[in-house]
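Undergrad: Residue numbers for the sequence shown follow the numbering used here, so the first one is 793 and each next one is one higher.
Let me give you the structure first, and then I'll get to my questions.
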Amino acid sequence: MKELHLQFVADAEGLIEGLFNALEQLRLRRGEGRKRRQLTGQIFRQVHTLKGSAAAAEVDSIARVAHEFENVLDRVRLGRIVIDDAVLDVFEDAAHAISENLAATNRNQTAAIAVDLLPRLRQIAKSAFRDEAA
Numbered sequence: 793m794k795e796l797h798l799q800f801v802a803d804a805e806g807l808i809e810g811l812f813n814a815l816e817q818l819r820l821r822r823g824e825g826r827k828r829r830q831l832t833g834q835i836f837r838q839v840h841t842l843k844g845s846a847a848a849a850e851v852d853s854i855a856r857v858a859h860e861f862e863n864v865l866d867r868v869r870l871g872r873i874v875i876d877d878a879v880l881d882v883f884e885d886a887a888h889a890i891s892e893n894l895a896a897t898n899r900n901q902t903a904a905i906a907v908d909l910l911p912r913l914r915q916i917a918k919s920a921f922r923d924e925a926a
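Okay, structure coming up:
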């Protein structure tokens, strides 16, 4: 593997671990306004970093999931999407997809994106715009 690719894998592993921890905390503390905002910001930064690093390392499968995940997180940060169980489930599915794609990349295998994940993320992001128009 190229040096950039190896560095990406090493960095991404730590980011993903932090992502799962933050998502767990968000599920537990989503009703606490200030803590929810802090956790959402932390998750956004982790996903943003994963997206940029994956793009630089040419790991398109991770960059694509992270991009759609980041779009939803941005709307959550702006208060346009309410964090409920369905949104948290999609967040966890996205984190798992990123983790699985990283593991495949680390084994020099082609990573696959869950067929329904990207449309689910896009649908949640679009719902924020429909709510604004109402």
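Every residue gets a Cβ at the ideal spot worked out from N, C-alpha and C, and that includes glycine.
Quick caveat, the model's predicted, so the values are computed rather than measured.
What did DSSP end up calling residue 900 once you bin it into helix, strand or coil?
TA: Of the three classes helix, strand and coil, the one that applies to residue 900 here is coil, per DSSP.
Undergrad: How would you write the range of the alpha helix (DSSP H) that residue 815 sits in, first residue to last?
TA: For residue 815, the enclosing alpha helix (DSSP H) has its first and last residue at 795–821.
Undergrad: Identify whether residue 851 lies in helix, strand or coil by the three-state DSSP scheme.
TA: DSSP places residue 851 in coil when its eight states are reduced to three.
Undergrad: Taking three-plus beta-carbon pairs below 8 angstroms as touching, is the segment 871–882 in contact with the segment 851–860?
TA: Contact fails: fewer than three Cβ-Cβ distances are below 8 angstroms.
Undergrad: Quick check on residue 838: buried or exposed, where buried means 16 or more other Cβ atoms within 10 Å of its Cβ?
TA: buried
Undergrad: Check whether the Cβ atoms of residue 897 and residue 864 lie closer than 9 angstroms to each other.
TA: no
Undergrad: State buried or exposed for residue 826, treating a residue as buried only when at least 16 other CB atoms are found within 10 Å of its CB.
TA: exposed
Undergrad: For residue 890, collect the residues of the same chain with a Cβ closer than 7 angstroms to its Cβ; drop the 5 residues on either side in sequence, then sort them by chain order.
TA: 808, 842, 854, 857, 858
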